[in-house]
Amino acid sequence: MEITLTHYLVLAGLVFITGMVGFVVRRNALVMMMCIELMLCATNIVFAAFARLHGDGGGHVFVLMNFAVAASEAAIGLAILVEIYRRRRTVNVDDLKTLME
Amino acid sequence: MEGLLFWFCGGMLLLGGVMMVLQRSAVVSAVWLVFAFISAAGIFAVLGGPFLAVMQVLVYAGAIMVLFLFVIMMLQGPVLEGERRLMPAGLWPLVAVPPVAVLVLIIGYLRSDATVAFAASPPAGFGTVESVAGLLLGRYLLAFELISIVLLVALIGALALGRGERKLPWK
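Same order as they appear, the protein sequences are chains A and B. Position in the first sequence (from 1) plus 1373 gives the number in our numbering. Position in the second sequence (from 1) plus 70 gives the number in our numbering.
1) Once you ignore the five residues that flank B:G86 on each side, which residues in its own chain have a CB closer than 7 angstroms to its CB?
2) When DSSP builds the beta bridges, which residues end up paired with A:N1417?
3) Give me the Cβ distance between B:V141 and A:L1411, rounded to the nearest whole Å; I'm assuming they're in contact under 8 angstroms.
4) Looking at chain B, is there any beta carbon in it that lies within less than 7 angstroms of the beta carbon of A:I1457?
5) For B:E72, return the contacting residues in chain A, with the cut-off set at a CB-CB distance below 7 angstroms.
6) Checking contacts by CB at 7 angstroms: is A:V1409 closer than that to chain B?
7) Check distances from the C-beta atoms of the stretch 155-180 of chain B to those of chain A and list, in chain order, the residues that come in under 9 angstroms.
8) What is the rounded straight-line gap between the Cα of B:L75 and the Cα of B:I226?
9) Answer with buried or exposed for A:V1419, where buried requires no fewer than 16 other C-beta atoms within 10 angstroms of its C-beta.
10) Whole-angstrom Cβ separation of A:A1424 and A:G1431, contact assumed at under 8 angstroms?
11) Counting C-beta neighbours from all protein chains within 10 Å, is the total for A:T1339 16 or more, i.e. buried, or is it exposed?
12) Can you have a look at A:V1413 and say buried or exposed, based on whether 16 or more other CB atoms are within 10 angstroms of its CB?
13) Just the Cα atoms here: how many angstroms apart are A:G1392 and B:L128?
14) Could you compute how far the alpha carbon of A:I1407 sits from the alpha carbon of B:M71?
15) Report buried or exposed for A:R1399, applying the criterion of at least 16 other Cβ atoms within 10 angstroms of its Cβ.
16) Is A:N1401 close to chain B, meaning its C-beta is less than 7 angstroms from at least one C-beta of that chain?
17) What span of residues does the alpha helix (DSSP H) with B:S218 cover, start to end?
18) For a contact meaning CB atoms closer than 7 angstroms, what does B:P193 contact in chain A?
19) Answer yes or no: does any C-beta atom of chain A fall closer than 7 angstroms to that of B:V136?
20) Hey, would you say A:V1436 sits closer than 7 angstroms to B:L206, going by beta carbons?
21) Can you find a CB in chain E that lies within less than 7 angstroms of the CB of B:A96?
22) Under the DSSP definition of a beta bridge, which residues are partnered with A:N1465?
23) Rounding to the nearest angstrom, what Cα-Cα distance links A:A1443 and B:G178 in this structure?
24) Please name the residue, chosen from A:A1447, A:L1469, A:G1395, that lies closest to B:I134 on a Cα-to-Cα basis.
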């Protein structure tokens, strides 16, 4: 069976759904950030698949941009999490609703 | 051969993602995510992007996940115990709506026979370090410079956040 663009798009869609459900279901802020990384990875697959379809390397360049964005997001997000942990002694998002109360 | 690699790497990627969501311990989740990212590198390799595959392993599975594991090990206690409780039961139908909608779309798309086939082989030099570097420093030079500013801002921001209670130099 020939592998077409559709296969890659469906795979990326399924990976994105996994990340999205995980982000909503998990209560640990660290694991929620890992789910964001998984969603970014799904978009990277779409970029690479369309680059292959059009035979144009621009998609690869933007996957590299996405790597840089993911790295920045992880660095800032984890720094914020460490700061939250220092003050509140928890990273469970259910315990972090001061603004809501 | 391409089909075999696609099914293998795609299956491993999905398995890694699902197991990451299902595991209760953050450390085990992180290890499954590394597994998923390495499988994604295989997908990039199948798609004709050897440079992307290498960068996926280096940046994602290497740098970013090591950062995650360091933070998990710094925050001992509640993180390692896993989660005490899941979300309220009443929210489950709401969570299920977007995935079901996307699955219906995917199935509808697959049934419409609207598959788009790739060209038999990518153009010469596609996805090599040379061609990506040529684009990065040529057509996409502005985006390249902007992303370097994003990285610089993230670096400064992480440093400022990580200083903790101590005074910042400009205060």
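C-beta atoms are modelled at their ideal positions from N, C-alpha and C, and glycine is treated no differently. Bear in mind that the values here come from a model prediction, so they are computed numbers and not experimental data.
In brief:
1) Numbered from 1 along the second sequence, position 16 holds the residue referred to as residue 86 of chain B. The residues are W102, L103, F105, A106, S109.
2) For the purposes of this step, residue 1417 of chain A is taken as the residue at position 44 of the first sequence. For A:N1417, no pairing in a beta bridge is given by DSSP.
3) Within the second sequence, residue 141 of chain B is the residue found at index 71, counting from 1. Within the first sequence, residue 1411 of chain A is the residue found at index 38, counting from 1. Contact doesn't hold; Cβ gap of about 17 angstroms is too wide.
4) Start at 1 with the first residue of the first sequence, and residue 1457 of chain A comes out as number 84. False, the Cβ-Cβ gap to chain B never drops below 7 angstroms.
5) For the purposes of this step, residue 72 of chain B is identified with residue 2 of the second sequence, where counting begins at 1. Close partners of B:E72 in chain A (Cβ separation under 7 angstroms): I1376.
6) Position 36 of the first sequence, counted from the start, is the residue given in the question as residue 1409 of chain A. Before going further, note that residue 1409 of chain A is Ile rather than Val in the sequence given. At a cut-off of 7 angstroms between beta carbons, A:I1409 makes no contact with chain B.
7) So the close ones are R155, L156, M157, L161, W162, L164, V165, A166, P168, P169, V172, L173, L175, I176, Y179, L180.
8) The residue you call residue 75 of chain B lines up with position 5 of the second sequence. The residue you call residue 226 of chain B lines up with position 156 of the second sequence. In this structure, the CA atom of B:L75 is about 41 angstroms from the CA atom of B:I226.
9) Here residue 1419 of chain A is taken as the residue at index 46 of the first sequence, counted from 1. Buried, since its Cβ has 16 or more Cβ neighbours within 10 Å.
10) In the first sequence, counting from the first residue as 1, residue 1424 of chain A sits at position 51. In the first sequence, counting from the first residue as 1, residue 1431 of chain A sits at position 58. So it is a contact: roughly 7 angstroms between Cβ atoms.
11) With chain A represented from 1374 up to 1474, any question about residue 1339 of chain A goes unanswered, as that position is not in the structure.
12) Here residue 1413 of chain A refers to the residue found at position 40 of the first sequence. Per the sequence presented here, residue 1413 of chain A reads as Leu, with Val not at that position. Burial call: buried.
13) The residue given as residue 1392 of chain A occupies position 19 in the first sequence. The residue given as residue 128 of chain B occupies position 58 in the second sequence. Cα-Cα distance, rounded: 21 angstroms.
14) Against the first sequence, residue 1407 of chain A aligns to sequence position 34. Against the second sequence, residue 71 of chain B aligns to sequence position 1. In the sequence on display, residue 1407 of chain A carries Met and not Ile. Distance between the alpha carbons of A:M1407 and B:M71: 31 angstroms.
15) The residue you call residue 1399 of chain A lines up with position 26 of the first sequence. A:R1399 comes out buried.
16) To locate residue 1401 of chain A, count along the first sequence from 1; it is residue 28. Chain B, which has a Cβ nearer than 7 angstroms to the Cβ of A:N1401, makes this yes.
17) In the second sequence, residue 218 of chain B corresponds to position 148, counting from 1. Counting along the chain, the alpha helix (DSSP H) containing B:S218 begins and ends at 211-232.
18) As a position in the second sequence, residue 193 of chain B is number 123, starting the count at 1. For a Cβ distance threshold of 7 angstroms, residue set G1428 of chain A lies close to B:P193, ordered along the chain.
19) By one-based count along the second sequence, residue 136 of chain B stands at place 66. At a cut-off of 7 angstroms between beta-carbon atoms, B:V136 makes no contact with chain A.
20) Your numbering for residue 1436 of chain A matches position 63 in the first sequence. Your numbering for residue 206 of chain B matches position 136 in the second sequence. In this structure, B:L206 does not lie closer than 7 angstroms to A:V1436 by Cβ.
21) Any reference to chain E falls outside this structure, whose protein chains are A and B.
22) On the first sequence, residue 1465 of chain A is found 92 positions in, with the first residue counted as 1. According to DSSP, which records beta bridges pairwise, A:N1465 is partnered with A:N1401.
23) The residue you call residue 1443 of chain A lines up with position 70 of the first sequence. The residue you call residue 178 of chain B lines up with position 108 of the second sequence. Taking the straight line joining both Cα atoms gives about 32 angstroms.
24) The sequence position of residue 134 of chain B within the second sequence is 64, counting from 1. Distances from the CA of B:I134 to each of A:A1447, A:L1469, A:G1395 were compared; the closest alpha carbon is that of A:A1447.
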